[in-house]
Amino acid sequence: MVRHQPLQYYEPQLCLSCLTGIYGCRWKRYQRSHDDTTPWERLWFLLLTFTFGLTLTWLYFWWEVHNDYDEFNWYLYNRMGYWSDWSVPILITTAAAFTYVAGLLVEGHLVLPHPGMFSPDPMGAIPPLRPTADFLFQDLLLWSQTQVLALCHIAVGQQMNLHWLHKIGLVVVLVATVVAMSAVAQLWEDEWEILLISLQGTAPFLHVGALAAITALSWIVAGQFARAERSSSQVAILGTFFAVVFTLYLAPLTISSPCIMEKKDLGPKPALIGHRGAPMLAPEHTLMSFRKALEQKLYGLQADITISLDGVPFLMHDTTLQRTTNVEEEFPELARRPASMLNWTFLQRLNAGQWFLKTDPFWTASSLSPSDHREAQNQSICSLVELLELAKGNATLLLNLRDPPREHPYRSSFLNVTLEALLHSGFPQHQVLWLPNRQRPFVRKVAPGFQQTSGSKEAAASLRRGHIQWLNLRYTQVSRQELRDYASWNLSVNLYTVNAPWLFSLLWCAGVPSVTSDNSHTLSQVPSPLWIMPPDEYCLMWVTADLISFTLIIGIFVLQKWRLGGIRSYNPEQIMLSAAVRRTSRDVSIMKEKLIFSEISDGMEVSDELSVCSDNSYDMYANSATAPVAPRGSSSRAKILTDQSGH
14 MVRHQPLQYY
24 EPQLCLSCLT
34 GIYGCRWKRY
44 QRSHDDTTPW
54 ERLWFLLLTF
64 TFGLTLTWLY
74 FWWEVHNDYD
84 EFNWYLYNRM
94 GYWSDWSVPI
104 LITTAAAFTY
114 VAGLLVEGHL
124 VLPHPGMFSP
134 DPMGAIPPLR
144 PTADFLFQDL
154 LLWSQTQVLA
164 LCHIAVGQQM
174 NLHWLHKIGL
184 VVVLVATVVA
194 MSAVAQLWED
204 EWEILLISLQ
214 GTAPFLHVGA
224 LAAITALSWI
234 VAGQFARAER
244 SSSQVAILGT
254 FFAVVFTLYL
264 APLTISSPCI
274 MEKKDLGPKP
284 ALIGHRGAPM
294 LAPEHTLMSF
304 RKALEQKLYG
314 LQADITISLD
324 GVPFLMHDTT
334 LQRTTNVEEE
344 FPELARRPAS
354 MLNWTFLQRL
364 NAGQWFLKTD
374 PFWTASSLSP
384 SDHREAQNQS
394 ICSLVELLEL
404 AKGNATLLLN
414 LRDPPREHPY
424 RSSFLNVTLE
434 ALLHSGFPQH
444 QVLWLPNRQR
454 PFVRKVAPGF
464 QQTSGSKEAA
474 ASLRRGHIQW
484 LNLRYTQVSR
494 QELRDYASWN
504 LSVNLYTVNA
514 PWLFSLLWCA
524 GVPSVTSDNS
534 HTLSQVPSPL
544 WIMPPDEYCL
554 MWVTADLISF
564 TLIIGIFVLQ
574 KWRLGGIRSY
584 NPEQIMLSAA
594 VRRTSRDVSI
604 MKEKLIFSEI
614 SDGMEVSDEL
624 SVCSDNSYDM
634 YANSATAPVA
644 PRGSSSRAKI
654 LTDQSGH
């Protein structure tokens, strides 16, 4: 009786199985292949790469636009008729879609072949091609390296075969992203400018990160270069890679940031104007909101003035009372009626604070103290006279006036009524920034101390002829050069609405005199710009980073060429399962001949054993333990061992 014991076993390669399984539902070893990827699957990979770039851009945009989430919600409120915070669900959905696409892109190439696919029998009958610990190290190394490889679309390793469910998911993500970006481009076109503005603050650091990524990627590219058998392939790999590298090295020449400046040239911190008070700490346009803003020692307060049906100026941003009062609960028939078409006595009966605690527009209501919570819950609509009494001698007021409907009894005189309330209050005229463009000559005559403010961007000379002293513009409407031009004409510029510290820092470096903010309690605590760097230091930083990166890349190419340049390995399992890297047919024939005749050269007689195996139904073990042919130059040869015992 002859007993046969397999002296080798296949390495489980669980990581590889998971990757090919998740990507293409190829969980079994025999389902994997190193054959060339089909043109159809390459097209899907190109689509996957494009979707990855598109979702990455959309995610970056939506993260940077968090400065304007309230503006976005306000726009949707006007379109849909009810208030909801849409920004966070969109951000979460975008992040989930990006993670899914990025996972597919990484998994699409986290399937590189191992140089050897056998590990030794524990008895040590066959010399190991690589220690078992080295397998683990290889897996970890491949996992880290091929993430970078996938991002650069280097198609190596296992044959790609994206599962049809992933294809459906990919198309859904792509279509949804295109629709979302198109909607923003049409409905919120100006917001795309925030991408360019944000890059002024992030580009220097993104450049350093890109250098680190391209340097790490060079390990994989150098490996492909070393394995390439044709000179044309090597030239293509080398030319493409170094074209990208040198483009990246020279990218800082196109980077322009106001924070790349000498520290001595940094201007004073921009003055802060509370947008409708402090709307993150209290309901907007209420006495509590304005008081919270004054506690922060702000330069000024911004308010929108509306006039009631009986001629009382009060503070309200919206046309109706639906969003910021409880009118829909108490008087649903009046919810959509213009607020200016109601008497002041009726308006005073409404609650203007409960909505803030219920909708939590800035996700800050939970941070209120119990006393602030009770106070916010009992706020009412604030009149202009109440604001003037609170702010007198404490802050400058940036006032905007809302026109009443045509049928309003004070349609023709609401400006006079508002001016009369301002002048009779005794509020200092020089502390009023007057924004309405209506009847400016009359306003200058009645209140010569008001600082005339324009909300339209015009030439400096034209503004000065109109006796304009301030400009109130959106932060995307003015450049650094225009700021300098306005300053030379003694025109001050206030930008709205600035909530993010990174944006506040950029505007500080750009020399903006003042900003309007919902987040004044945070910006008031910013002691200096988030970063500032002299031009010489920045130049030294990116040149040094480029030189280090270039040196490492050259060293990596030399090392990979030395390691992999002469390696030509073959594996019988890969041949039988079509899992080996393709070689010429002549090389494969030579390898098979060496495997067949290796036992003859060793003087081993196995024909009897094979016949016994056949008689005893042990064909499955015959010739099953073959080792790969050693690389050229090695003196070791493949052997076949069997353990026999007879009776």
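Note that the sequence shown ends on residue 660 in the working numbering; no numbers are left out. Beta carbons: idealized from backbone N, C-alpha and C, even for Gly. From a predicted model like this one, the values you see are computed outputs, not experimental measurements.
- Under the three-state reduction of DSSP, F85 is assigned to helix.
- Taking a cut-off of 8 Å on C-beta distances, the segment 442-452 does not touch the segment 354-374, as fewer than three cross pairs fall below it.
- The segment 296-316 makes contact with the segment 526-544: 3 or more CB pairs, one atom from each, lie closer than 8 Å.
- About 6 Å separates the beta carbons of Q213 and L519, which is inside the 8 Å limit, making them a contact pair.
- Counting every other CB atom within 10 Å of its CB across the protein chains shown gives H298 a total of 16 or more, marking it as buried.
- Boundaries of the beta strand (DSSP E) harbouring H288: 284-288, taken from the DSSP string.
- Judged by DSSP secondary structure, D385 falls within the alpha helix (DSSP H) whose first and last residues are 383-390.
- The beta carbons of T68 and V101 sit about 18 Å from each other, so the pair does not count as a contact at 8 Å.
- Here the C-alpha atom of G222 lies approximately 11 Å from the C-alpha atom of W555.
- Residue pairing by DSSP puts I318 in a beta bridge opposite L328, L414.
- Setting aside the 5 residues that flank it on each side, V234 is surrounded in the same chain by F254, each with a C-beta closer than 6 Å to its C-beta; the list follows chain order.
- Scanning N450, Q465, V430 for the CA closest to the CA of L410 turns up Q465.
- Less than 8 Å divides the Cβ of S353 from the Cβ of S321.
- In the same chain as C522, and ignoring 5 residues on each side of it, the C-beta atoms closer than 6 Å to its own belong to P271, C272, P542, in chain order.
- As the crow flies, the alpha-carbon of L428 is around 24 Å from that of G287.
- The segment 469-488 and the segment 182-190 do not touch, with fewer than three beta-carbon pairs separated by less than 8 Å.
- Taking a C-beta distance under 8 Å as the contact criterion, C395 and L496 do not qualify as a contact pair.
- Residues P283, V511, V528, S530, L536, V539 of the same chain have their beta carbon placed closer than 8 Å to that of F517, with the five preceding and five following residues left out of the count.
- About 15 Å separates the CB atoms of M293 and Q392; that is not less than 8 Å, and the two are not in contact.
- For R487, no alpha helix (DSSP H) segment is defined; the enclosing uninterrupted segment is the beta strand (DSSP E) at 483-487.
- Relative to the Cα of W99, the nearest Cα in the group F85, A226, A110 belongs to F85.
- In chain order, Q442, V445, W447 place their CB closer than 6 Å to the CB of F463, counting only its own chain and leaving out the 5 sequence neighbours on each side.
- Secondary structure within the segment 396-445: the beta strand (DSSP E) runs of 3 or more consecutive residues, fully enclosed, are 409-414 (chain order).
- Following the DSSP letters along the chain, one finds T529 inside the beta strand (DSSP E) bounded by residues 527-530.
- L219 is not a Cβ neighbour of F238, given a cutoff of 8 Å.
- If only uninterrupted alpha helix (DSSP H) runs of at least 4 residues are considered, those enclosed by the segment 216-272 are 244-262.
- Here the alpha carbons of S426 and V459 stand approximately 14 Å from one another.
- Collapsing the DSSP output to three states places M546 in a strand.
- In the DSSP assignment, W447 forms a beta bridge with L412, Q465.
- When rounded, the separation of the alpha-carbon atoms in R576 and G182 is 40 Å.
- Comparing C-alpha distances from T338 to each of H386, Q390, A291, D317 shows the shortest one belongs to Q390.
- When rounded, the separation of the alpha-carbon atoms in Y262 and L224 is 8 Å.
- In this structure, DSSP gives P102 a helical state, which the three-state scheme calls helix.
- Judged by DSSP secondary structure, Y509 falls within the beta strand (DSSP E) whose first and last residues are 505-509.
- In this structure, the beta-carbon distance from I566 to V258 falls below 8 Å.
- About 5 Å separates the beta carbons of G366 and P296, which is inside the 8 Å limit, making them a contact pair.
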